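Position 292 of the sequence shown, counted from 1, bears residue number 296 in our numbering, the numbering being contiguous throughout. Note that CB positions come from ideal geometry on N, CA and C, so glycine has one too. Computed from a predicted structure; not experimentally measured. Structure, as C-alpha cells:
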Amino acid sequence: MTIKEIQIKDYNYPLPDERIAKYPLEQRDQSKLLVYRKGTIEECSFAQLPLQLPKGALMVFNNTRVVRARLHFHKQTGALIEIFILEPKHPEEYQENFAQRKNVEWHCLVGNLKKWKGETLQQSLDIQNTTITLKADLLPHQGTNEAVRFSWDGNFTWAEVLEAAGELPIPPYLNRKTEESDLKTYQTVYSRIKGSVAAPTAGLHFTSEVLNNLDSMGIERDEVTLHVGAGTFKPVKSEHIGDHEMHTEHIAVQRHTIERLIAHDGNAIAVGTTSVRTLESLFYMGYKAQKLMETGQDKGDGIELHINQWDPYNTDIQQTDPMPYLQKLLTYMIKHHIETLHSSTQIIIAPGYRFHIVRMMITNFHQPQSTLLLLVSAFVNGNWREIYDYALAHNFRFLSYGDSSLLIP
5 MTIKEIQIKD
15 YNYPLPDERI
25 AKYPLEQRDQ
35 SKLLVYRKGT
45 IEECSFAQLP
55 LQLPKGALMV
65 FNNTRVVRAR
75 LHFHKQTGAL
85 IEIFILEPKH
95 PEEYQENFAQ
105 RKNVEWHCLV
115 GNLKKWKGET
125 LQQSLDIQNT
135 TITLKADLLP
145 HQGTNEAVRF
155 SWDGNFTWAE
165 VLEAAGELPI
175 PPYLNRKTEE
185 SDLKTYQTVY
195 SRIKGSVAAP
205 TAGLHFTSEV
215 LNNLDSMGIE
225 RDEVTLHVGA
235 GTFKPVKSEH
245 IGDHEMHTEH
255 IAVQRHTIER
265 LIAHDGNAIA
275 VGTTSVRTLE
285 SLFYMGYKAQ
295 KLMETGQDKG
305 DGIELHINQW
315 DPYNTDIQQT
325 DPMPYLQKLL
335 TYMIKHHIET
345 LHSSTQIIIA
355 PGYRFHIVRM
365 MITNFHQPQS
375 TLLLLVSAFV
385 NGNWREIYDY
395 ALAHNFRFLS
405 YGDSSLLIP
C-alpha cells in the first residue's frame with residue numbers, strides 16, 4: 005500500500021468529550037508527561053522533562069505568537085459579520101504586514117457572508133486613548149477564501165489594531181467562548197513572532213523554571229517560526245489521505261539555526277508538530293536549493309524553496325544523512341545574503357515517511373483521524389494506538405490544553 009492509499013479510518017479512536025481539557029492546569033508544568041522510549045511507556049510530571057533528555061542535545065521551539073484573528077463587525081441592520089483572518093494576500097510579506105500603518109489585505113474566512121452585500125463595514129476602536137475607525141472592504145473573490153482589505157486612521161500598526169479589535173481564536177473543539185484567561189494561557193511563555201491563528205500547543209507546558217532547568221542540564225535551545233494556520237483544525241474528510249489537501253504554513257528560520265543544526269550533526273529534539281514540520285522541511289529545502297544552484301536558477305527569494313505536500317515522496321533523494329542538504333541550504337543563504345529564510349511548507353508526514361532531522365518529539369494528544377495523528381504514527385513506527393490506549397486508560401487530558409508526551413522511537 006502506498007502512502008496515498010492510507011485510509012484515515014484506521015486512525016480513529018474513541019475520545020469522550022470529558023477527556024478534552026477545556027482549560028489548562030493552573031501551573032503549566034504540573035501537567036502529565038507520557039514518556040514513550042523505544043517501545044516502553046512510563047509517566048511523570050512535565051516539570052521532570054529535563055531529566056528525560058540527553059545532555060548536549062539541541063531542542064528546537066516554535067516561537068510564533070497567536071494573534072487576535074477573529075474580528076466582529078455589525079452592519080447598520082444589526083447583522084453580525086465575523087471575519088477570521090488567515091494570511092496576508094501576499095504571504096511573502098508576512099511579518100512586514102503587521103507593521104503596516106494604513107491598510108492591509110488578507111485572505112479570510114467570513115461568517116454570515118451572504119449578509120455582506122459589498123458595503124464597507126466599520127467599527128470604532130480605542131487604542132492608547134485614541135479613537136480610530138477600522139474599515140473592512142470585501143475584495144473580488146479569488147481562490148477558496150475571501151480577500152478583505154482593512155484600513156484605519158491614526159498612526160497605529162496592524163498589530164496594534166488587531167490587539168485592540170480582535171478576539172483570540174481558541175480551538176473550536178473547546179466548545180466555549182474565549183475568556184480573559186486564554187489571552188495568557190493560550191500563548192507559550194517564549195512566543196515572540198506574531199502570526200499564528202492557533203498556538204503550537206506542545207509548548208504551552210513550558211515554564212521559565214523548566215527552561216532554566218533545560219539550560220542547567222546542558223540542553224541547548226534554538227527557535228524556528230512556523231505560523232500555525234486555521235488548516236491545522238481541518239479534518240480529513242476523504243477516505244484516503246491522497247485526496248486530502250494540506251494547508252500551507254509560513255516559516256522563518258535564522259541562518260544561525262542552520263549552523264546550530266549542522267553543529268549537532270543535523271539532529272534535534274522538536275517541541276511540537278509545527279517544529280517537526282519546519283525541521284523536516286529544511287531537509288527538502290536544502291535539496292531544492294542544491295538543484296536550483298546547480299542549474300543557476302536560484303533567485304534567493306526563499307519562496308522558490310516552498311515544499312509541496314507530496315515533495316518528500318516524489319523526489320529521487322537517496323540521501324538519508326541531513327548534513328549535505330543542510331550544508332547546501334546554508335550555502336544558499338550565504339550566497340544570497342539571507343540572515344532569515346522566509347519560505348513555506350505544505351508537507352504531510354504520514355506512516356512511511358522517513359525522518360531526517362527530528363530524533364525526539366514533544367507533543368500533545370491529537371484529534372482522531374487528523375493529519376497530526378498520522379505524523380505521530382509515522383514517528384513511532386505505527387505504535388500510536390498503544391500510546392493513546394495508555395493515555396486514555398491512565399487519565400491523561402487530551403488536545404490543546406491537555407497533557408503531553410515525549411516520543412523517542
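Classify residue i: buried if its beta carbon has 16 or more other beta carbons within 10 angstroms, exposed otherwise.
i	result
Q34	exposed
G406	buried
A103	exposed
P204	buried
S408	buried
N116	exposed
L84	exposed
L187	exposed
Y27	exposed
P176	exposed
I87	buried
N107	exposed
P239	exposed
M250	buried
P18	exposed
M5	exposed
L37	buried
A395	buried
D226	buried
What is the rounded straight-line gap between the Cα of residue i and the Cα of residue j?
i	j	result
D302	L309	9 angstroms
L215	S195	13 angstroms
Q322	L113	41 angstroms
R23	F210	21 angstroms
T278	I353	11 angstroms
F402	H370	7 angstroms
G290	K139	42 angstroms
M327	N133	53 angstroms
A163	R72	9 angstroms
G122	V152	11 angstroms
K42	E9	27 angstroms
P20	S404	15 angstroms
Q350	E224	28 angstroms
G386	W314	20 angstroms
P413	I342	34 angstroms
L125	L29	39 angstroms
K339	D305	12 angstroms
Could you give the DSSP three-state label for residue i: helix, strand or coil?
i	result
A274	strand
V384	coil
V165	helix
S200	strand
N149	coil
N368	strand
H363	In the sequence as displayed, the identity of residue 363 is Arg instead of His. Of the three classes helix, strand and coil, the one that applies to R363 here is strand, per DSSP.
K119	helix
Q331	helix
V307	Note that residue 307 is Ile in the sequence shown here, rather than Val. I307 falls in the helix class under three-state DSSP.
K181	coil
L403	coil
S279	helix
E141	Checking the sequence shown, residue 141 turns out to be Asp, not Glu. Three-state result, D141: strand.
Please check if any C-beta of chain C sits within less than 8 angstroms of the C-beta of residue i.
i	result
I24	Within the model displayed, chain C is absent; a lone protein chain is all it includes.
Run through the DSSP bridge pairs and tell me what residue i is partnered with.
i	result
E171	R74
W110	P92 and V152
D130	T135
What I want to know is whether the C-beta of residue i ends up closer than 7 angstroms to one or more non-hydrogen atoms of the ligand ATP.
i	result
Q258	Questions concerning the ligand ATP fall outside what the structure shown contains, since it holds no ligand whatsoever.
At what residue ranges does the region 202–264 contain a whole run of the alpha helix (DSSP H), taking only runs of 4 or more?
212–220
What residue ranges within the region 8–95 form continuous beta strand (DSSP E) runs of no fewer than 3 residues, ordered along the chain?
Listed in chain order, the complete beta strand (DSSP E) runs (minimum 3 residues) inside the region 8–95 are 36–41, 44–49, 62–66, 68–70, 74–78 and 84–92.
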